[in-house]
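Structure, as structure tokens:
Have a look at this one:
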């Protein structure tokens, strides 16, 4: 038996009802049903309709299920970029999307600022011919965040043809996007949705669909079984082209149903209240400093701190108390810690973590 | 509570221990652990080492984890075909691989025979410049199978540069390949391994790796996070580039461990013994006929029969007895039935199904 609470930035603590839902899924043999059956379509529809309600998506949006956020990066470039993409880069994940565009033979340009800093959008110059602008609402590696209000205004800065993609991998469902002002967002389920890994959620509007169809009609290859048109033709019949991760779609529907009962507004308020507890402690701690200088750019869902004691030492000292936090990412592995603040984490758990950190490290 | 036994060709009956392993995974919080942790690497290594033992892979082979067999088709073309692939087509799935090659802009050619027939390999003429030959050991749509002995001799017919790919999606671990005579094989876990869907297993030898690296060094795009080199660099450290379906890899390791205890030779013998029970009944049935005429080409793992009563009626009449079989595929939906014979299906279950079919339909 493992009694640890995982405050790691993903995979992270599971939503508390997940083990019970998995047991029900096994009792009902969900792992054996056909991915073309009405029973599966109902499961798929339940997950999609729950997400539509939770995120309040307009009618011109569709929800596509792929395997990971990494896959979304690749499919986005294949389907929506013929020549050129543009990336705001301030950490490892925003940089990886930029690299993937290059690996797929596109011209990728970037607007790069140092790790841990947020963007002043007024300064960003978007190249004229950009077909896709990659924004990162929450840079999981550094904890630098872009306020949803800034993202909702970004359209003014770009050419009318450009598609605005927003990485919400480790922040959804927290950020409140104006879905009329962006064209795509995506996330993976093992972060804010508190599920086991193995499913990526890709939200696209009709402009993304039209661009994919335009590239296809020109004879460009936009992939095969997971092109936007291929995904969409099945998604609208509540299926996937391939046999998907059925159990994950089942669990997603169950957890999103519970989130909807709770209410997304409440989830957002609670996220901010819990983040305030963590940042409040970090600001006065003897050992930790808030990593992101500008308060408006501090992530509400993945809180990063510089640490005087090595991250390994912090993690080790928390272990006897069944609390797990993340080390820093990449070059910051030793000198930073990362604390996830997802809907699965209760205020009481966050308070207990902060209490213990204060006791151990001042 | 669902007490049905699924004889469907995948998703199918889960290996009987899967619910217990999932409960253990939840108790140990496997869904929350980091995909870069030693704990995860041990889980990954356990699954890989189990497969190495089960399939008796030589040292020049690697095991890669992707999301589905559909993904293997796409990655295979991206990584191993610059211009031209060649496909033996005798059903819906072998045809789909051929189409995917075309969708990715390659010249795909095919050697096509009617649905439900098997290949006489002596007749097949392989084009000279083919870089990849796609064989299908078991055509899930039609139940036509290619004996492993034929596959093991196929190398003689092809150019020395060509890579031989073998679809064992719905037959592994049954077919006994000579891994020195083929270059890649692949399967998904929701068929012969009795697991929930959401993981594709791609086995490649060093020739596949070398070809991918050659294309990359020439400046060809071979994909991004799931190119062979990208997968391999992480696989050899027991990880994936992205956060993979951790639970599925955990379950795979557990089920393969049990298969190894049972012994692959025993599994193969039992598969043949169970198939004999089904085919024996079909041969003398009043309502059913074996769909594949040539005995040597009859699948041992997905048995297909023509039915006089519609497949819907057969499925409906079995339902009160908690037995589920598959309808025919595509155009054969009404006129054929499909019965899976995987390691998760016991001889007693197969006997009970045959007994009931005889009682209901003669």
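Chains as they are written, first to last, in my numbering: chain A, 4 to 365; chain B, 4 to 365. Cβ atoms here follow ideal geometry from the backbone N, Cα and C, with glycine treated the same way. Quick caveat: nothing in here was measured; it's all calculated off a predicted structure.
Between residue 102 of chain A and chain B, is any beta-carbon pair separated by less than 9 Å? It does; some Cβ of chain B falls within 9 Å.
Using only alpha-carbon positions, find the residue among B/129, B/124, B/120 and B/110 that is nearest to residue 143 of chain B. Looking from the CA of residue 143 of chain B, the closest CA among B/129, B/124, B/120 and B/110 belongs to B/120.
Can you check the stretch 39-81 of chain B for any alpha helix (DSSP H) of at least 4 residues that lies completely inside it and give the ranges in chain order? Segments of the alpha helix (DSSP H) lying fully in the stretch 39-81 of chain B: 41-58.
If we cut at 9 Å on Cβ distances, does residue 279 of chain A have a partner in chain B? False, the Cβ-Cβ gap to chain B never drops below 9 Å.
Quick one: give me the first and last residue of the beta strand (DSSP E) that residue 153 of chain B is part of. Taken as a continuous stretch (DSSP letters only), residue 153 of chain B belongs to no beta strand (DSSP E), being part of the alpha helix (DSSP H) at 151-155.
How about residue 38 of chain B: is its C-beta nearer than 9 Å to some C-beta of chain A? True, the Cβ-Cβ gap to chain A drops below 9 Å.
Beta-carbon proximity check, residue 313 of chain A vs residue 292 of chain A, cutoff 9 Å: Not a contact, by the Cβ cut-off of 9 Å.
My guess is that residue 165 of chain A and residue 198 of chain A are in contact by the Cβ rule of under 8 Å, so how many angstroms apart are they, rounded? The beta-carbon separation of residue 165 of chain A and residue 198 of chain A, rounded to 32 Å, does not stay under the 8 Å limit for a contact.
Pick out whichever of A/237, A/16 and A/44 has its Cα sitting closest to the Cα of residue 34 of chain B. Taking only the C-alpha atoms, the option nearest residue 34 of chain B is A/16.
In this structure, what does DSSP give as the bridge partners for residue 341 of chain B? DSSP output for residue 341 of chain B lists B/307 and B/329 as bridge partner(s).
Contact criterion: CB-CB distance below 9 Å. Does residue 131 of chain A meet it with respect to chain B? It does not; no Cβ of chain B falls within 9 Å.
According to the neighbour-count rule (16 or more other Cβ atoms, all chains shown, within 10 Å of its Cβ), is residue 145 of chain B buried or exposed? Result: buried.
Mind pulling the alpha helix (DSSP H) runs of 4 or more residues that sit fully within the stretch 203-263 of chain B? Here the runs fully enclosed are 209-220 and 231-238.
Selected residue, minimal CA-CA separation from residue 311 of chain A, among A/211, A/330 and A/266: Among A/211, A/330 and A/266, the Cα nearest to that of residue 311 of chain A is on A/330.
With residue 246 of chain B and residue 49 of chain B assumed to form a contact (beta carbons below 8 Å), what rounded beta-carbon distance in angstroms separates them? With a Cβ gap of about 18 Å, residue 246 of chain B and residue 49 of chain B do not count as contacting.
Going along the chain, which residues of the stretch 60-83 of chain A sit with their C-beta nearer than 7 Å to a C-beta in chain B? Residues 70, 71, 73 and 77.
Mark residue 135 of chain A as exposed unless 16 or more other C-beta atoms lie within 10 angstroms of its C-beta, in which case mark it buried. Looking at its Cβ environment, which holds 16 or more other Cβ atoms inside 10 Å, residue 135 of chain A is buried.
Check whether chain A comes within 9 Å of residue 319 of chain B, counting only Cβ atoms and requiring the distance to be less than that. No, residue 319 of chain B does not count as interfacial toward chain A.
Starting from residue 16 of chain A, find everything on chain B with Cβ-Cβ shorter than 7 Å and list it in chain order. Under the 7 Å cutoff, chain B gives 35.
Suppose contacts are defined by Cβ-Cβ distances below 9 Å. Is residue 89 of chain B in contact with residue 130 of chain B by that definition? For residue 89 of chain B and residue 130 of chain B, yes; Cβs fall inside 9 Å.
Buried or exposed by the 16-neighbour rule on C-beta atoms within 10 Å, applied to residue 341 of chain B: Counting Cβ neighbours within 10 Å, residue 341 of chain B comes out buried, since at least 16 surround it.
What's the gap between the Cα of residue 133 of chain A and the Cα of residue 107 of chain A? Distance between the alpha carbons of residue 133 of chain A and residue 107 of chain A: 16 Å.
Could you round the C-beta distance between residue 267 of chain B and residue 323 of chain B to whole angstroms and report it? I think they count as a contact, below 8 Å. Rounded, the Cβ-Cβ distance is 36 Å, inconsistent with contact.
Closest by CA to residue 193 of chain A, which one among A/171, A/183 and A/186? With distances taken between Cα atoms, residue 193 of chain A lies closest to A/171.
If you pair each beta-carbon of the stretch 215-224 of chain A with each one of the stretch 179-191 of chain A, do three or more pairs fall below 8 Å? Because the criterion of three Cβ pairs below 8 Å is not met, the stretch 215-224 of chain A and the stretch 179-191 of chain A do not touch.
Answer with yes or no whether the minimum CB distance from residue 248 of chain A to chain B is below 9 Å. Interface residue (Cβ-Cβ distance to chain B less than 9 Å): residue 248 of chain A is classified as such.
Measure from the alpha carbon of residue 161 of chain A to the alpha carbon of each residue in A/124, A/181 and A/147, then state which is nearest. Comparing Cα positions, the closest option is A/124.
Neighbouring residues, chain A, relative to residue 25 of chain B (Cβ below 7 Å): Against residue 25 of chain B, the close residues of chain A are 25 and 29, in the order they occur along the chain (beta-carbon pairs closer than 7 Å).
For residue 303 of chain B and residue 286 of chain B, which I take to be in contact (beta-carbon distance under 8 Å), what is that distance rounded to the nearest angstrom? Beta-carbon to beta-carbon, residue 303 of chain B and residue 286 of chain B are separated by about 15 Å, too far to satisfy the 8 Å threshold.
For residue 150 of chain B, tell me which candidate among B/92, B/326 and B/178 has the shortest Cα-Cα distance. Each of B/92, B/326 and B/178 was checked against the Cα of residue 150 of chain B, and the nearest Cα belongs to B/178.
Just mark residue 98 of chain B as buried or exposed, buried being the case when its beta carbon has 16 or more other beta carbons within 10 Å. It is buried - the Cβ of residue 98 of chain B has at least 16 other Cβ atoms within 10 Å.
Below 7 Å on C-beta distance, what does residue 22 of chain B contact in chain A? In chain order: 29.
Is residue 5 of chain B close to chain A? Criterion is C-beta to C-beta, closer than 9 Å. Residue 5 of chain B has a beta carbon lying within less than 9 Å of a beta carbon in chain A.
Where residue 18 of chain B falls: helix, strand or coil (DSSP): In the three-state scheme derived from DSSP, where H, G and I count as helix and E and B as strand, residue 18 of chain B is classed as coil.
Is it true that the CB of residue 182 of chain A sits closer than 9 Å to the CB of residue 76 of chain A? It is not a contact, given that the beta carbons lie outside the stated cut-off.
Can you tell me the Cα-Cα spacing of residue 244 of chain B and residue 79 of chain A, whole angstroms? Distance between the alpha carbons of residue 244 of chain B and residue 79 of chain A: 18 Å.
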